[in-house]
Amino acid sequence: SISKLSFSMIQYDNKIIPEDIKERLKLVDKPKNITSTEELVDYTAKLAETTFLKDGYHIQTLIFYDKQFHPIDLINTTFEDQADKYIFWRYAADRAKITNAYGFIWISELWLRKAS
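Mapping of the sequence shown onto this note's numbering: residues 96 to 211, in sequence order.
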């Protein structure tokens, strides 16, 4: 199969965020000012858990942050095969460099089960 990467860039607009998402964000206590990686991971984990419990799944999401722990870029993806993963992570590396990202958080799912 042939893999390709396509994307579109949009400007942030608070009006396009659905009301149920805004309400969901209010359910998670956000620190007034996130000042450490630990606080950022804790907050993001709570958001991810809330989303999973509400929707039952996640869309794989990569969020880049600056040194003040503010989000500066966000990429959602789905992978069809290993080639997609390689292309995505090469693109992500380029985006990190272009945006001068300080760090990132990757939100995905992991399912565990016992072999029978």
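Glycine residues also receive a C-beta, built at the ideal position from the N, C-alpha and C atoms.
Computed from a prediction, not measured in an experiment: that's the story for all the values here.
Quick one: using the 10 Å Cβ neighbour count with 16 as the cut-off for buried, is residue 139 buried or exposed?
buried
Would a C-beta distance cut-off of 8 Å place residue 190 and residue 168 closer than the cut-off?
yes
Segments assigned alpha helix (DSSP H), at least 4 residues, entirely inside the segment 144-210
177-194
Taking the continuous alpha helix (DSSP H) assigned at residue 116, which residues delimit it?
114-122
Spatial neighbours of residue 158 within its chain, please: C-beta separation below 7 Å, excluding the five flanking residues on both sides.
166, 169, 199 and 200
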